[in-house]
Amino acid sequence: DDIGTNGGSIGSTGSVTGRAGTIALAADTLLVDGLGGISSIAGLGAEAPGAIDISAGLVRVDNGSLISSSSGSSAAMGGEIRISADRLEMGTLATLTSSTFGDGPGGSVIIDAQSVALGMGSEISSRAEEGSTGPGGLVAVTADRLTMQRSFGLSTETFGSGKAGLIIVEAGEIDVDDSTITSSSESGSGISGTVTIIGETLRVRNGGAIRTNSDNSNAAGGILILADQVDVDGPSEISSANMSELGRAA
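Going left to right, the sequence shown walks through residues 401 to 650 as this note's numbering numbers them.
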């Protein structure tokens with residue numbers, strides 16, 4: 401069977417007294433399109449958002465649509481986003497993200513697919529938002545093939561005092577084409593996360609980048625790459641940098 405949300409939404413929202421429920425979807429094809437969305441949100445004072453669990457042959461998120469989990473001001477863990485699919489396709493301006501606004505850790509974003517493709521302006525991310533103290537969630541992608549073209553790619557960010565989430569990629573073939581894999585601390589005192597990439601072939605090209613950045617006195621997170629072949633073309637880069645006068649790279 402197929403499930404589509406062309407401009408519509410599927411959601412779960414927690415109240416002041418409890419946790420939002422889990423959203424579980426199983427289909428041959430799941431299409432989230434036309435500014436549609438699947439979201440789990442912890443409302444003001446709610447315990448935590450529920451998990452989003454998707455299993456499908458094809459999952460396609462396109463045209464400004466999103467799948468998101470957002471935790472509120474509590475100390476409870478955010479809801480995980482888990483996608484198991486043959487193919488995950490992130491089209492134009494598609495977003496798959498988790499965020500924390502409170503003391504608890506943000507939910508992890510875990511992808512397990514044969515093929516993962518990110519197109520123009522799309523992203524898979526986690527964020528610890530401004531004012532939060534909890535760490536951002538893990539972003540983990542396991543695939544036979546991961547391709548990113550003109551996308552915002554994979555990212556974890558902290559704007560608060562909590563640490564940005566880890567990024568872990570394990571894939572046979574990884575192509576970072578005019579795209580980024582980045583963990584960063586933007587404002588506040590948080591620490592950027594580490595980036596781990598394990599694969600057979602890694603290509604970073606056409607201005608693509610794998611980075612960890614810090615804008616405060618903390619060291620930027622480390623980068624670990626284990627691959628049989630790594631190709632980085634002219635304007636592309638793999639780097640760890642601290643942009644603060646008081647800080648240092650990993």
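Backbone N, C-alpha and C fix where the C-beta goes; we use that ideal spot for every residue, glycine too.
These numbers were taken from a predicted model, which means no experiment stands behind them.
Neighbour-count burial assignment, residue i, 16 or more Cβ in a 10 Å radius
i	result
Pro505	buried
Ser589	exposed
Leu624	exposed
Ala517	buried
Gly502	buried
Glu586	buried
Glu350	This structure leaves residue 350 out entirely; the chain is present only between 401 and 650.
Gly593	buried
Gly553	buried
Gly565	buried
Asp575	buried
Asn406	exposed
Asp353	What is shown of the chain runs 401 to 650, which leaves residue 353 out entirely.
Selected residue, minimal CA-CA separation from residue i, among the options
i	options	result
Gly536	Gly622, Val509, Arg545, Asp486	Val509
Gly421	Thr429, Asp428, Asp433, Ser439	Ser439
Ala627	Glu570, Val576, Thr612	Glu570
Ser640	Val432, Gly608, Gly622	Gly622
Val690	Thr533, Thr601, Asn613	Nothing can be reported for residue 690, as the shown portion of the chain is limited to 401 through 650.
Ser515	Ile483, Gly507, Ala528, Thr533	Ile483
Gly437	Ser469, Thr429, Asp428	Ser469
Gly607	Ser579, Ala619, Phe559, Leu538	Ser579
Gly655	Val630, Ala427, Asp615	There is simply no residue 655 to check, as the chain begins at 401 and stops at 650 in what is shown.
Ile511	Ser522, Thr533, Ser532, Arg487	Arg487
Thr556	Asn616, Arg527, Ala620, Thr542	Arg527
Gly534	Asn616, Thr500, Ile591, Ser584	Thr500
Cβ shell of residue i (< 6 Å), same chain only, five flanking positions each side left out
i	result
Ile568	Ala540, Thr596
Met520	Thr492, Arg550
Gly404	Leu431
Ala451	Thr422, Gly479, Glu480
Asp544	Gln514, Gly572
Glu637	Ala609
Gly464	Leu435, Leu493
Leu538	Ser508, Gly565, Leu566
For residue i, the three-state DSSP class (helix, strand or coil)
i	result
Ile598	strand
Met643	coil
Leu620	Strictly speaking, residue 620 in this sequence is Ala, with Leu absent from that position. Of the three classes helix, strand and coil, the one that applies to Ala620 here is coil, per DSSP.
Leu488	strand
Ile410	strand
Ile581	strand
Thr417	The predicted model places Thr417 with a pLDDT of 45, which falls under 50 and marks its position as unreliable; any figure quoted below should be read in that light. Correct three-state label for Thr417: coil.
Asp575	strand
Thr422	coil
Leu431	strand
Ala442	strand
Proximal residues to residue i (C-beta, below 7 Å), its chain only, five neighbours per side dropped
i	result
Thr417	Summary for Thr417: the model assigns pLDDT 45, below 50, so the residue's position carries little reliability; its value from the coordinates is reported in the next sentence. There are no such residues.
Val461	Val432, Ile467, Met490, Gly491, Ala494, Leu496
Ala424	Asp453
Same chain, Cβ closer than 8 Å to residue i, neighbours up to 5 away in sequence not counted
i	result
Asp577	Thr547, Met548, Gln549, Arg550, Arg603, Arg605, Asn606, Gly608
Please give me, in chain order, every unbroken run of the alpha helix (DSSP H) with length at least 4 that falls completely inside the segment 512-567. none
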